[in-house]
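Notes follow once the structure below has been shown.
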Amino acid sequence: MKGLVIWITTAEVSDEAILDKLGTEIEERGGRVEVFHSKAVENLGMDKNEKAKAIACAMLASHGVVVITSGSDIPAIESGEKLEVRIIEESDLYRTDIHDSFMRDLELAGLVPAPRYDVHPDEEKEILKKLQDLGYLDD
Amino acid sequence: MLVPPHGGRLTDRQYEGSEADEIIDQVKNGKLLTLNAREKNDLEMIGNGAMSPLEGFMSGSDYESVLDLMHLSAGPVWSLPVVFAKKDGDPDVSPGDNVGLKDIDGTIWGDMLIEDIFKADLIAEADKSLGTTDDSHPGVMYLKSLSGVYIGGKIRSIRRKETESFGNYRLDPKETRVLFRARGWKTAVAFQTRNPIHRAHEYIQKCAMEIVDGLLLHPLVGETQDGDIPADVRMRCYEEILKDYYPRTRVAMSVFPAAMRYAGPKEAVFHAILRKNYGCSHFIVGRDHAGVGNFYGTYDAQMIFDQFDPDELGIVPLKFEHAFFCSKCGGMATPKTCAHDNEYHVFLSGKKVRAMLAEGILPPPEFTRPEIASILMEAARKGDN
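Line order of the protein sequences matches chains P and E. Going by the working numbering, the letters in the first sequence line up with residues 1 to 139, in that order. Going by the working numbering, the letters in the second sequence line up with residues 140 to 524, in that order.
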């Protein structure tokens, strides 16, 4: 997977738990994820501004990491290579249809892995029964 | 772990039983659009996930992107349009309408939530997808029979198992994937065919089997052109040869309900992507795959794969020369492995085989196993080929 910055646009005071939730979802699919909270900028000893955060995100993404961060503004992210940046409103992530559509677009673009199973485990049992009935598993 | 589906996950928009009845109840008194034979095949294959990541007939943006770039607008490789054409007599429809999809007999096979209605330049489509605008190409003839207006949108398809031909061999992609896993296969090679099996095919399949865990024999049973051997005859040939000549645990046979487009190289890529969705890691591409007449170069269908990054394609093409029996080698070979002149090679064209069968002459065992020749002879007597 190539790197990606998911920039969640927020109101002034945001619930950063949504970043962790999205990060866990992508991690469970097998993606390399870093969730970049606003405080992380200070922890890294960088200036507390959006530009500094953007630079740090770009560096991580350039190493193939899916970086999830948030902010009220989206600064221009400068990078030596073409950097994938996808933007979504925080409120949209709470809507299942928009969240799913956003994730599917990332999957199709090859930016995040798809869920790890191709057939749901419950359905797999039914299919095995059918295959047995049809004689495919006689041996 | 099997190769992931194209675009990451299998589309599942196929319904049966009471869920299918609900769809029919929702659309039967509303606007109904008519499916032609190809579109009916496509509807089934979108619904069952064989055409993943497609969730419906293409919108204008995907159509243009596929024709110009061989990629869907969202990114994945895709080589041929999958579209629904408005027919004479169809009602007027608009984006946002949910319409039923019926066949020419009036049976409802699904519905579509219309997202886009667009005009297409069918001559340009023929040129870009088929590489020709010649009326003698069956794909060009098909396109020229259409209205030039396409309707795109997500579909739901209805499955009626009781009406299906080759029901016992009709496995959806998720079913072949479960089958492969149950057999412990991590890799599988698919063999696409619209011809009866001859020794050359057997040789190629077995060469491929040497490097993978299993073989998926995947005869195409959707719409083909007149002159092709009927699917039921081809299936009988495969059933017969599987009895004695293949290890049962390393071969699975299932039908591939796609319509032939005769698009040569672009159809080879299309066929490969669909087999990836069935769980296959490798795909056999012979000479002039999906070709017709002399429209494509001998190796076009093999060379087109070089245009793609292997990772974005996600399935490995196994490119084979034509195979033959060489009397001097004393076995099957190809030009890559045989040093002898053509005079030692036993190879018959399909036309020649049909002529022999019509005269009551069995093809030689070096070309066709006797069990297969008998089936073909019987079919010829009945006028099936």
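We put the CB at the ideal spot given by N, CA and C, even for glycine. Predicted, not measured: the structure shown is a model, and the values here were computed from it.
Given residue i, which residues of its chain have a CB within under 7 angstroms of its CB, disregarding the five upstream and five downstream residues?
i	result
E/F305	V360, M374, V394
E/S204	H210, L211, S212
P/E27	V33
E/V492	P502
E/D201	L211, S212
Using beta carbons (cut-off 9 angstroms, strictly below), is residue i in contact with chain E?
i	result
P/S136	It should be pointed out that residue 136 of chain P corresponds to Tyr in this sequence rather than to Ser. Interface residue, yes.
P/E27	no
P/A52	no
P/V119	yes
P/I18	no
Among the residues of its own chain, which have a CB less than 8 angstroms from the CB of residue i, if the five just before and after it don't count?
i	result
E/N334	H340, D367, I368, R373, G489
E/Y308	M374, M392, S393, V394
E/S191	P144, H145, G146, R148, L149, T150, P312, N416
E/M197	V205, P220, V221, V222, Y289, G291
E/D273	V279, F434
E/E155	I297, R298, R299, K300
E/S513	L501
E/F330	H340, I343, Q344, A347, L354, L355, L356, H357, I423
Inspect the beta-carbon positions of residue i and residue j and report whether they are closer than 9 angstroms.
i	j	result
E/G249	E/T173	no
E/S420	E/I454	yes
E/E460	E/T473	yes
E/L182	E/L240	yes
E/P404	E/A429	yes
P/G30	P/P113	yes
E/L332	E/V351	Checking the displayed sequence, the identity of residue 332 of chain E turns out to be Thr instead of Leu. Cβ distance not < 9 angstroms, so E/T332 and E/V351 don't count as in contact.
E/L452	E/A411	yes
E/R511	E/I380	The sequence given here places Ile at residue 511 of chain E; Arg does not occur at that position. In this structure, E/I380 lies closer than 9 angstroms to E/I511 by Cβ.
P/A58	P/L83	yes
P/K136	E/L208	Just to set this straight, residue 136 of chain P is Tyr in the shown sequence, not Lys. Contact flag unset, no.
P/G64	E/P215	no
Please confirm if residue i has its CB atom under 9 angstroms from at least one CB of chain P.
i	result
E/E451	yes
E/N307	yes
E/P277	no
E/K382	no
E/E314	yes
E/L310	yes
E/A159	no
E/P474	no
E/R152	no
E/G156	no
E/A402	no
E/R295	no
E/A411	no
E/P230	no
E/R387	yes
E/R520	no
Take residue i and list the residues in its own chain whose beta-carbon comes closer than 6 angstroms to its own, dropping the five residues that flank it on each side.
i	result
E/A347	V328, I423, L457
E/S466	Y483
E/V238	K170, L172, V232, M251
P/H37	E16
E/R426	T437, H461
E/W324	D352, G353
Output the distance between the C-alpha atoms of residue i and residue j, rounded to the nearest integer angstrom.
i	j	result
P/L4	P/H120	28 angstroms
E/R389	E/R508	21 angstroms
E/K258	E/D231	14 angstroms
E/V408	E/E178	19 angstroms
P/E107	E/I343	35 angstroms
E/A478	E/L487	19 angstroms
E/A398	P/S70	48 angstroms
E/H276	E/L282	10 angstroms
P/F102	P/V35	18 angstroms
E/T315	E/Q446	28 angstroms
P/I8	E/R338	60 angstroms
P/S91	P/T10	8 angstroms
E/V188	E/S218	First, the residue type needs correcting, since residue 188 of chain E is Gly and not Val in the sequence shown. Straight-line Cα distance between these residues: approximately 17 angstroms.
P/V67	P/E89	16 angstroms
P/Y94	E/M184	33 angstroms
P/D118	P/E25	17 angstroms
E/D383	E/E349	18 angstroms
Please indicate yes or no: does the CB of residue i lie closer than 8 angstroms to some heavy atom of the ligand NAP?
i	result
E/R493	Within the structure as shown, the ligand NAP is missing, as the structure has no ligands at all.
Taking a Cβ distance cut-off of 9 angstroms, strictly less, list which residues of the region 482 to 505 of chain E are near chain P, in chain order. Legend: CB atoms of the region 482 to 505 of chain E lying less than 9 angstroms from CB atoms of chain P are not found in any residue.
Which residues of the region 108 to 132 of chain P have a Cβ closer than 8 angstroms to any Cβ of chain E? Give them in chain order. Taking a C-beta cut-off of 8 angstroms against chain E, the contacting residues of the region 108 to 132 of chain P are L108, A109, G110, P113, A114, P115, D118, V119, E123, E124, I127, L128, K130, L131, listed in chain order.
Residues within the region 233 to 248 of chain E neighbouring chain P, beta-carbon criterion of under 9 angstroms: For the region 233 to 248 of chain E, there are no residues whose beta carbon sits under 9 angstroms from a beta carbon of chain P.
Chain-ordered residues of the region 84 to 106 of chain P with a beta carbon less than 9 angstroms from chain E: Answer in chain order: R104, D105.
With 9 angstroms as the C-beta to C-beta threshold (strictly closer), list the residues of the region 317 to 345 of chain E near chain P in chain order. Cβ proximity to chain P below 9 angstroms picks out V317, L318, R320, A321, R322 from the region 317 to 345 of chain E.
Interface positions of the region 176 to 197 of chain E facing chain P (Cβ-Cβ less than 7 angstroms), listed along the chain: For the region 176 to 197 of chain E, residues whose beta-carbon sits nearer than 7 angstroms to a beta-carbon of chain P comprise P192.
Residues, ordered as in the chain, of the region 205 to 218 of chain E that lie near chain P by beta-carbon distance below 8 angstroms: If the cut-off is 8 angstroms between Cβ atoms, the region 205 to 218 of chain E has L211, A213, G214, P215 near chain P.
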